[in-house]
Structure formats: structure tokens, C-alpha cells
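Participant:
Number of protein chains: 2
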Amino acid sequence: MARAGKPSLDDLKTRLRDADLRATAPRLAVLRFLYEAPTPVSHAELADKLAPEGWDRATVYRNLNDLTDAGIARKTDLGDHVWRFELLKDTDGSHTDAHPHFVCDECGEVSCLPEGTVEIKSTRNGPLRLKERVSEIQLKGRCERCN
Amino acid sequence: MARAGKPSLDDLKTRLRDADLRATAPRLAVLRFLYEAPTPVSHAELADKLAPEGWDRATVYRNLNDLTDAGIARKTDLGDHVWRFELLKDTDGSHTDAHPHFVCDECGEVSCLPEGTVEIKSTRNGPLRLKERVSEIQLKGRCERCN
DNA sequence: GTCTGAATTGCAAATGAGTCGCAAGTGCAA
DNA sequence: TTGCACTTGCGACTCATTTGCAATTCAGAC
């Protein structure tokens, strides 16, 4: 997904503080990683990349959950039984949101599809139509490579 | 989803044998349960219901996986990090397939949506269009009750 | 700039879903 | 009816995630 340039350290700190989270080193490392990831990232990937920098797995976990609770990131299971984390759109709209995800059954690759790729037919049951109640769309199948 | 009447014990046995699985008591119990479940069932739900009948958790698990491997059932993670199993359409078409699933973020309830509720816009990338590569569609959000 | 309380971290231990090994039991084809 | 491969039950085990807690580090107040 498009990205509005690499955020500065101050940008990251601000984003954390705005969410009432302290800007600690491991937290910043996690946040930076999420900013730079093109698709949702699993805890394992994150921990593996961050371990060399000396951050504890439990700390990475807690931070991921903190970011999720604070509404900065979102935690999903894309159908392969692995939690993945993805940054949510921030105030200046530089991050995307609401796009469908596609997970390959074969290789496990996760990709983001453009918004609008999937249309939900309105059904008139209940006060809110289905479309308005949906917060996330996930498709599974074979990616082009594995086709 | 619609069901073509309660299957007889012999129906169940036949379905297993056709798949080269022995018709053992716990296997039949699991299969019957899946037939009667209106939506995908988690292992825990199944084990809890079948435990009183004396079936072991591990056995239930293995059977669920056997049925999946045999193509009788399908195993999915609907986004909440819980494996759920669902019967696939059998030869006489009495079971459904290919319908989207909706999982409530709030209460965790899983429901099946009618086929056609979700439309995938064709994108012209690759030899097969996206639509043709998708095997499953999952929506998440608030169910009507939790709305 | 220093201080202080509260938020965080790191480590180790706990938890829990799901899996595996193996001896005993059972379905089914001959 | 019989033999054997398939299954079961049970306990042990794995591995991702969580938790407890003492030590450390932020960030606002002085």
C-alpha cells in the first residue's frame, strides 16, 4: 500500500504520545517496523527482526497488543491461524484502512487488495445493512504465483 | 443453511466409507454433529458436546482432521484464532459450499451468508481473474444482535 | 536539570490449544 | 470367523502466547 514517506523519529513519538503511550525504545522499534511493512506482519516475523536489536519477544508481544488497544494497529487472523498486525490509517491518511486482504492457501502470502475490489450486496435485514456492519473483508485462495 | 433432512446412520456410514474412512463410533458422532450444526463448529464446542458421550478430545481432533483430509469437511480460521470445521457439500448437494462467512467481533458468533452476498470485481491481472482464484470469503464486523 | 511515581521491560515460569507415541481395541474384507 | 491395518484413549509433549514480578526507564512537576 502507498506510504507517505518514511516517518521521522519524532513523528513516531508523537503518534505514540497522542495515544497515551510512552515512547520507549522497543515501542518505537515495533511501530517503525509496522510503518515499513507493506502487508500485515506476524509477531514471529517482527520478533525475529527485532531480536537482533535486543528486544524481548514478550515485550514485542505486549507492544503489539498495546498498539492494537490504542487503536494504532489492528490484529487479525487472516485464516492461517497466525496473528498479524497492521497499522491503521493515521490522522493524515497516510496509511490505508478498510481494504480487503487476500491470503494464499498455498504459500501463505498475504496481500492487500485495493478498496472497492469486493462489493457487499445490501441486504435489508436489521436497522443497519450488512455492508455497514462489516469492518473487514478477507479472501482466501491461490495467489497468482501459486495459481 | 438448508439441510436435506436428518441423515440416517447408514447415510453417515456410507459417506465415511466412500471416503475410505472406517465407520467408527466416535467418527460417526463427529460427523453427525457436523451435519446438524448450522454453522462452522470449533473443536472445543464439539469436544464439549461429545465428551459426555465418552469421546476423547484427541480423538475428536483427529477425526476432524481426518474428515478434512478426506474432503468431507473443511477447516477454517474465521479470524478469531479458533479452528472451525464445516461439512462440505456432499454428492447429492444437500450441503452448501462457497458461501461467505460472517464473524462477529463482539460475541464471536459465526454465521453463513447466502451465496452471492459478496461480489468480487474482476481484475484483469494474471491468467486467472481474482474471482476465479478465491476459495473462501470471510467478513468480520458486528452482528445484528451486537450491532 | 533533578526527582518521583507510574508505565514498561526482561526474564523466567505458567498456561493452553493442538499434536504425538504407543499399547490396546475394533471394523471390515476375505 | 479371523487377521491385520486402522483407530482409539491416555499421557506426555510442543510451542505460541501470557503472566508475575523485580529492576529499569519515561515524562511531568519542581
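Just so you know, the protein sequences line up as chains A and B, in that order.
First residue of the first sequence: 86, per this note's numbering; consecutive thereafter.
First residue of the second sequence: 86, per this note's numbering; consecutive thereafter.
All C-beta atoms, glycine included, are put in the ideal place defined by N, C-alpha and C.
Values in this document were obtained by computation on a predicted structure and should not be read as measured data.
According to DSSP, is A:Val253 part of a helix, a strand, or is it coil?
Facilitator: An answer regarding residue 253 of chain A cannot be provided, because it is not within the stretch 86 to 232 covered by chain A.
Participant: Mind checking whether A:Val167 and B:Ile205 have CB atoms under 8 Å apart?
Facilitator: In this structure, B:Ile205 does not lie closer than 8 Å to A:Val167 by Cβ.
Participant: Under 9 Å between beta-carbons, which chain A residues line up against B:Gly164? List them in chain order, please.
Facilitator: Here the neighbours are Thr161, Asp162, Leu163, Gly164, Glu221, Gln223.
Participant: Since B:Ala158 is in the beta strand (DSSP E), which residue starts that stretch and which ends it?
Facilitator: From DSSP, the beta strand (DSSP E) with B:Ala158 extends over 158-162.
Participant: Here's a check: name, in chain order, each residue in its chain whose Cβ is nearer than 6 Å to the Cβ of B:Gly178, leaving out the five neighbours to either side.
Facilitator: In this prediction, B:Gly178 scores a pLDDT of 46, lower than 50, which makes its location untrustworthy; the coordinate-derived value is nonetheless stated afterwards. Excluding positions up to five away in sequence, the list is empty.
Participant: Evaluate contact between the segment 219-226 of chain A and the segment 213-229 of chain B, counting only Cβ atoms and requiring at least three cross-stretch pairs below 8 Å.
Facilitator: Output reads yes: the segment 213-229 of chain B touches the segment 219-226 of chain A.
Participant: Report all residues from its chain with a CB closer than 7 Å to the CB of A:Thr144; omit the five preceding and five following residues, and keep chain order.
Facilitator: Counting only Cβ-Cβ distances below 7 Å, and skipping sequence neighbours, we find Pro111.
Participant: Beta-carbon separation of B:Leu116 and B:Arg100 under 8 Å?
Facilitator: Yes, they are a contact pair.
Participant: Should A:Ile205 be flagged as near chain B, meaning a C-beta pair shorter than 8 Å?
Facilitator: A:Ile205 counts as touching chain B.
Participant: Can you grab the Cα-Cα spacing for the pair B:Cys231 / A:Lys216, in whole Å?
Facilitator: Spanning the two alpha carbons is a distance of roughly 15 Å.
Participant: Strictly below 8 Å CB to CB, what residues from chain A border B:Thr202?
Facilitator: Neighbours of B:Thr202 on chain A, chain order: Ile205, Lys206, Thr208, Leu215.
Participant: Using DSSP's beta-bridge definition, name the partner residues of A:Lys225.
Facilitator: DSSP, once it has assigned bridges, lists A:Val188, B:Glu221 as partnering A:Lys225.
Participant: Quick one: what's got a C-beta closer than 8 Å to B:Val126's C-beta in the same chain, skipping five residues either side?
Facilitator: The answer, listed in chain order, is Phe118, Leu119, Arg169, Phe170, Glu171.
Participant: Short check: CB of A:Ala158 to CB of A:Leu149, under 8 Å?
Facilitator: In this structure, A:Leu149 lies closer than 8 Å to A:Ala158 by Cβ.
Participant: Please report whether the beta-carbon of A:Arg218 lies at a distance below 8 Å from any beta-carbon of chain B.
Facilitator: True, the Cβ-Cβ gap to chain B drops below 8 Å.
Participant: So, for B:Gly139: in the same chain, excluding its five sequence neighbours on each side, which residues have a beta-carbon less than 6 Å away from its beta-carbon?
Facilitator: For B:Gly139, where only same-chain residues beyond five positions count, there are no Cβ hits under 6 Å.
Participant: Label B:Arg107 either buried or exposed according to how many other C-beta atoms from any shown protein chain fall within 10 Å of its C-beta, with 16 as the threshold for buried.
Facilitator: By the neighbour-count rule (16 or more Cβ atoms within 10 Å), B:Arg107 is not buried but exposed.
Participant: Taking only the alpha-carbon atoms, compute the straight-line gap between A:Arg147 and A:Ala136 and give it to the nearest angstrom.
Facilitator: Whole-angstrom Cα-Cα distance: 14 Å.
Participant: With a threshold of 16 other CB atoms inside 10 Å of the CB of A:Arg218, please say whether the residue is buried or exposed.
Facilitator: When all chains shown are included, A:Arg218 counts as buried.
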